[in-house]
Amino acid sequence: MDNPLFEMTGLPPFSRIRPEHVEPAVDQVLAECRAGIAELTGGSELPTWERFVEPLEELDDRLTRIWSPVGHLNAVMNSDELRQAYNACLPKLSAYGTEVGQNRALFEGYRAVAAEEHLDGAQRKLLENALRDFHLSGVDLPEGKKTRFKETSQELSQLMSRYEENLLDATNAWSKLVTDEQALAGLPESAKALARQAAEQRGETGLVLTLDFPSYLPVMTYADDPELRREVYEAYSTRASDQGPHAGQWDNTEVMERILALRHELARLLGLGSYAERSLVTKMARTPDEVMHFLNDLAERSVSQARRELAELTEFARDRHQLDELAPWDVAYYSEKLREHRYSITQEELRPYFPLPRVLAGMFSVVERLFELRIQEVQGVDAWHADVRFFEIRDVAGELRGQFYLDPFARAKKRGGAWMDTCTNRLHTARCDQIPVAYLVCNFGPPVGDKPSLLTHDEVETLFHEFGHGLHHMLTKVDYPAVAGINGVPWDAVELPSQFLENWCWERAPLDLISGHVDSGEPMPEALYERMRAAKNFQSAMQMVRQLEFAIFDFRLHREYDPERGGRIYEILGEVRDQVAVIKPPGFNRFAHGFSHIFAGGYAAGYYSYKWAEILSADAFSLFEERGVFDLAAGRSFRENILEKGGSAEAMDLYVAFRGREPTVDALLRQTGIAA
Ligand SMILES: [Zn+2]
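Numbering of the sequence shown is given in this note's numbering, commencing with residue 302 and proceeding in unit increments.
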């Protein structure tokens, strides 16, 4: 069969890729990879960088080039046939991944190359990462420990799925049929429409509330009836626990204890003191002390303002709404009322100032000035949909640095949200010379009639965010995919370029480049701009302490685990709440039983990453606050030290090279309006 997925010379021939091409291509490329690895590890010659690592990088790149367009099409042009083909490949790819991770001969090969003398920094980092990951998958453990490591890992992954299943079942088990629409007074029309649709799907007449987030959140934010909010709050905050309407069914209590015990055991098998240490092996933060120190520091400096914000809210609820005491299920509701009262700003009001063509052209000129680039559209590139556009990025010397597809609009069969993903990586060896290509995907409202698509400011921010990831991927100068662009960048550092770039859609000068009224072209009035800026930091300290509560809880839980004493889950949570929380939840609250980020997802002892990334991006931006948002030297330093270097060196070293010092929390506190 003539399979377009094997056309490796240019961009993927998207319009010719069919579901029936997928499985044969994946089967074949996996067979090639296996054969390649066998050949590279089977010879008698001593492995070297050129003979061993480069060919492995090339094999891996071949797999990326086949799988990337498939995964991408599955996300943006889904069909039953494609999904079937895609799903059929997933177990094959994951089996291959496990096999490679457990391949002792590969591990030995990397170790031999690591002993070579004439390696540059990127090469050393790649080898270090590879050896680290082999170690973390237990490859170099002695036989007895290896078996136990495998058993523990398997049981852990089963329990993590059980936790998620319990949570899902408990979430789905609760619903509330409302026949009198008056009972939902306050809810926006969109939330009521969702509730009506949920009722229809269940064959009921009326409106159905559920514990899915799109249903839960509007109730807590807008429902006028406090009794309804209390009922929904209780059902939500007791899911999969020993409390609430389904107490004891799908109870995660024991699953959580066991997960913590197994994680601790895994860490100990690897010779580490705790799972918190295990988590940091692959992150930018260096020690548990460093993480706790920065979280505690932020907490100490935010908590008094958070108390003041709560006092303001309490006062507002009392004076304007005659409410004597603010219950946990009242906070979001009255906060929204206070926000409307103070700023009366809606995203809809901002839309006319952000026509997509203006935003795009403006964002490109911002980035061109900041990083000394030229961005140009290229016509006639084969794509998956008529809306898709294609661009190339050149530097001032005219060198082609990267290319990207932009798929801006929502449509049927396209996954929601916005993201940046890899089409091809930069790869530069004796045999290959390939530049990075990215997908930028958004879900903006399409143009209506002769009006262009109009964005909310949130959407503009999202576009900047994803373009920041894109620049990290595309501006890399690292030759080996494993550490080029965003690859090999630690999780707690990978959001730096994206959150960093968001700052430019909040500053007046760049904002004037990206905005202009759709009819008149007029710039955004100063008063509107001021309101938009002010609303940004509404209750920022309350939000800060809430995120800190989660992060400190997660980190302490994994750091302080002691087999003798067990997880002490709610004991630790109670202590953390005494330290940072301004709103004390009721006794029935079982937050941890539904905290799937850390119990079922990948955030165990890693939830702090959200704040860490904010610290980095705020601190990075503070250099531009000092010198001007278009300061050329600062822009060049960010490009050369962060964007071009990708994962080729320690993230902290790169950061210090850019900023001249390690990051501090001051800029984040200042920029979010927390007086510290
Ligand atoms: Zn991101």
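From the three backbone atoms N, C-alpha and C, an ideal C-beta is built for every residue, glycine too.
Open item on the list: Could you tell me the alpha carbon to alpha carbon distance between W551 and Q648, rounded to whole angstroms?
Closed with: 39 Å
Task: Rounded separation between R716 and Y706 - CA only - done: 16 Å
Open item on the list: Check whether the region 783-793 and the region 572-592 touch, using three or more Cβ-Cβ pairs below 8 Å as the test.
Closed with: Contact between the region 783-793 and the region 572-592 is established, with three or more Cβ pairs separated by less than 8 Å.
Open item on the list: Buried or exposed for P798, going by 16 or more other Cβ atoms inside 10 Å?
Closed with: buried
Task: Spatial neighbours of G895 in its chain, beta-carbon cut-off 7 Å, leaving aside the 5 residues before and after - done: L468, R540 and A541
Task: CB contact flag (C743, T763, <9 Å) - done: yes
Task: Bridge partner(s) assigned by DSSP for L741 - done: Residue pairing of L741 in beta bridges, as defined by DSSP: L707 and M721.
Open item on the list: I want to see whether chain B comes within less than 9 Å of E650, judged by CB atoms only; does it?
Closed with: The chain inventory of the structure shown lacks chain B, comprising one protein chain alone.
Task: Contacting residues, own chain, Cβ-Cβ under 6 Å from A386 (five flanking each side not counted) - done: P320, V323 and E324
TODO: Might you give, ordered along the chain, the residues of its own chain that have their beta carbon closer than 8 Å to the beta carbon of R564, omitting 5 neighbours on each side?
DONE: L457, Y576, R579, H859, Y862 and A905
TODO: Check whether the region 469-483 touches the region 510-524, counting contact only when three or more Cβ pairs, one atom from each stretch, lie closer than 8 Å.
DONE: yes
Task: Check: H774 C-beta below 8 Å from any heavy atom of ligand 1 - done: no
Open item on the list: Short of 6 Å in beta carbon distance, which residues of its chain neighbour Y517, apart from the five on each side in sequence? Order them along the chain.
Closed with: Y537
Open item on the list: On the DSSP letters alone, give me the boundaries of the beta strand (DSSP E) that V509 sits inside.
Closed with: Note, V509: beta strand (DSSP E), L508 to T511.
Task: Buried or exposed by the 16-neighbour rule on C-beta atoms within 10 Å, applied to G907 - done: buried
TODO: Measuring alpha carbon to alpha carbon, tell me which of D590, L331, V779 and L508 ends up nearest S395.
DONE: Here the closest residue by C-alpha is L331.
Task: Simplified DSSP assignment, three categories, for Q840 - done: coil
Task: Three or more C-beta pairs below 8 Å linking the region 770-788 and the region 722-740 - done: yes
Task: Where D434 sits in the DSSP three-state scheme - done: helix
- [ ] Please confirm whether L599 and V930 have their CB atoms less than 9 Å apart.
- [x] no
Task: Cβ neighbours of R809 in the same chain (closer than 8 Å, five flanking residues each side left out) - done: Y830
Open item on the list: Could you pull the DSSP bridge partners for F692 from this structure?
Closed with: Paired residue(s): E678 and F705.
Task: Residue closest to F450, alpha-carbon to alpha-carbon, out of S438, Q459 and L460 - done: That would be S438, whose Cα lies nearest to the Cα of F450.
- [ ] Identify whether V414 lies in helix, strand or coil by the three-state DSSP scheme.
- [x] helix
Open item on the list: What does the alpha-carbon distance come out to for the pair F959 and D625?
Closed with: 52 Å
- [ ] Within 10 angstroms of the Cβ of Q424, are there 16 or more other Cβ atoms? Answer buried if so, exposed if not.
- [x] buried
Open item on the list: Is S605 close to ligand 1? I mean its beta-carbon at under 8 Å from any heavy atom of the ligand.
Closed with: no
Task: Any non-hydrogen atom of ligand 1 closer than 8 Å to S799 Cβ - done: yes
- [ ] Could you check what DSSP says for G902 in three-state terms: helix, strand or coil?
- [x] coil
Open item on the list: What residue range does the beta strand (DSSP E) around S380 cover?
Closed with: Per DSSP, S380 belongs to no beta strand (DSSP E) and is neither H nor E.
Open item on the list: For T725, count the other beta carbons within 10 Å of its own beta carbon; 16 or more makes it buried, fewer makes it exposed. Which is it?
Closed with: Its Cβ being crowded by 16 or more others within 10 Å, T725 is buried.
Open item on the list: Quick check: is any heavy atom of ligand 1 less than 8 Å from the C-beta of E982?
Closed with: The chain is shown from 302 up to 977; residue 982 falls before or after that span and cannot be answered.
TODO: Report the three-state DSSP secondary structure of S458 (helix, strand or coil).
DONE: helix
Open item on the list: Considering just the uninterrupted stretch of the beta strand (DSSP E) at V271, what are its terminal residues?
Closed with: In this structure the chain extends from 302 to 977, so residue 271 is not present and cannot be described.
Open item on the list: Do K837 and N379 have their beta-carbon atoms positioned less than 9 Å apart in this structure?
Closed with: Taking 9 Å as the Cβ cut-off, N379 and K837 do not qualify as a contacting pair.
- [ ] Would you check whether ligand 1 has a heavy atom nearer than 8 Å to the C-beta of H770?
- [x] yes
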